Ligand code: SAH
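In this note's numbering, the protein residues as written are 63 to 327.
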């Protein structure tokens, strides 16, 4: 018999055993009319604070839905404290950055307006919706914070003391990324980080100078080819996760019950 896989959803509500959690209109629509789920269908809920919980669907009226929360499946765990600061690009590519950076485990997405940034308007709500969907898919226990765009000068002026900065330098001013990250000491590895990627037109000369003058900056190269900004962002993220972040831990072995409840085999 086919096992019905649980639908995994993010909620803003508190989660605890016995809670009766109202789902949003969009979630109700998705479950009832897109997935054609009925009362009692299995759900997994997370809110970024209380871990992940098994729940079952209940129907409210013609359109609404709620979740009856049962048992916790995983305790809350934090993602690495890593920000991705990137210049906005056009719609399809920025959506892709939000989705993939969420999968790769960023804690925050920070759009930055640099001198050569062409796209200046960012739909923060849409980016957040992409991040929520990716977090639901990828079994994260949190959704990255999606920030409003800031000017480049403001980003640097407000950069928190102690947060290290990984700058992707396409002009050859940086060291090869694996070498630079491989040599970091223990304190640098334990610190919070931010990755800064330039726009399609590249950083302006004075922006490069300002970045290089920051305290705790590591300028790196991503190989001999010039990457598009979205590719550079994900390449830098993957290298950072492998060398400094949580890819250094083994992938957890989830119980077979858990995996089958997720529809994974
Ligand atoms: N200035 C370039 C394009 C910039 S690519 C031009 O128009 O010729 C966009 C951003 O991706 C860069 O600012 C940089 O942050 C990053 N990037 C792309 N390729 C890179 C590489 N080989 N090494 C380091 N960073 C790179």
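Yeah, the Cβ is synthetic: ideal placement off N, Cα and C, and Gly gets one too. A quick note: this is a predicted structure, and the numbers were derived from the prediction, not measured.
Next item on the list: Between the Cα of residue 138 and those of 226, 111 and 288, spot the shortest distance and give me the residue it belongs to.
Entry: In terms of Cα proximity to residue 138, the closest of 226, 111 and 288 is 111.
Item checked: residue 96 burial status per 10 Å Cβ neighbour count (16 or more: buried) -> Counting Cβ neighbours within 10 Å, residue 96 comes out exposed, since fewer than 16 surround it.
Item checked: Simplified DSSP assignment, three categories, for residue 82 -> In the structure shown, residue 82 sits in a strand (DSSP, three-state: E or B).
Next item on the list: Starting from the N-terminal side, write out each stretch of the alpha helix (DSSP H) that is 4 residues or longer and does not extend beyond the segment 237 to 296.
Entry: With a minimum length of 4 residues, the continuous alpha helix (DSSP H) runs that stay inside the segment 237 to 296 are 239 to 244, 248 to 252 and 267 to 274.
Item checked: Touch test, the segment 283 to 295 against the segment 221 to 233, Cβ-Cβ under 8 Å, three pairs minimum -> Touching, yes.
Item checked: Minimum C-alpha distance to residue 210 - residue among 290, 147, 133 and 270 -> Closest by alpha carbon: 147.
Item checked: Identity of the residue in 74, 100, 114 and 126 nearest residue 87 by Cα -> Selected option, being the one with the closest Cα: 126.
Note to self: So within the segment 104 to 131, which uninterrupted beta strand (DSSP E) runs reach at least 3 residues, ignoring any that extend past its ends?
What the structure shows: Entirely contained in the segment 104 to 131, the beta strand (DSSP E) runs reaching 3 residues are, in chain order, 104 to 108 and 114 to 122.
Check: Does the pairing of the segment 290 to 297 with the segment 175 to 192 give three or more beta-carbon distances under 8 Å?
Finding: These segments do not touch.
Notebook entry, point to check: Which residues in the same chain as residue 196 place their Cβ atom closer than 6 Å to its Cβ, once the five residues preceding and following it in sequence are excluded?
Noted result: Only 161, 164 and 165 meet the Cβ criterion.
Next item on the list: Just the C-alpha distance for residue 149 and residue 81, rounded to the nearest angstrom, thanks.
Entry: C-alpha of residue 149 to C-alpha of residue 81: approximately 41 Å in a straight line.
Notebook entry, point to check: From this set, 114, 113, 132 and 200, which residue's C-alpha is nearest residue 120's C-alpha?
Noted result: Minimum Cα distance to residue 120 is reached at 132.
Check: Taking just the CA atoms, how far does residue 267 sit from residue 327?
Finding: Here the model assigns residue 327 a pLDDT of 46, short of 50, so the residue's position is not dependable and the matter cannot be decided.
Notebook entry, point to check: In angstroms, rounded to a whole number, what distance separates the CA positions of residue 275 and residue 171?
Noted result: Straight-line spacing of the CA atoms in residue 275 and residue 171 works out to 23 Å.
Check: By Cβ distance, which residues of its chain are closer than 6 Å to residue 63, with the 5 residues on each side in sequence left out?
Finding: With a pLDDT of only 40 at residue 63, under 50, the local geometry of the prediction cannot be trusted, and the value read off the model is given with reservation. If we look at residue 63 and ignore the five residues flanking it on each side, it has no Cβ neighbours.
Notebook entry, point to check: In three-state terms, what does DSSP make of residue 180?
Noted result: Note: residue 180 maps to coil in three-state DSSP.
Notebook entry, point to check: Of the residues 128, 309, 118 and 106, which one's Cα is nearest the Cα of residue 251?
Noted result: Nearest option by C-alpha distance: 309.
Checklist line | Heavy atom of the ligand SAH within 6 Å of residue 265 beta-carbon | finding: Yes.
Checklist line | For residue 199, the three-state DSSP class (helix, strand or coil) | finding: Three-state DSSP puts residue 199 in a helix.
Notebook entry, point to check: Around the C-beta of residue 269, are 16 or more other C-beta atoms found within 10 angstroms, so that it is buried, or is it exposed?
Noted result: By the neighbour-count criterion, in which a residue is buried when 16 or more other Cβ atoms sit within 10 angstroms of its Cβ, residue 269 is buried.
Item checked: Closest residue to residue 60 among 174, 70 and 239 (Cα-Cα distance) -> With the chain covering 63 to 327 only, the question about residue 60 has no answer from this structure.
Next item on the list: For my contact list, residue 118 and residue 134 are in at a C-beta cut-off of 8 Å; report their separation, rounded to the angstrom.
Entry: Actually they do not touch by this definition, with Cβ atoms about 15 Å apart.
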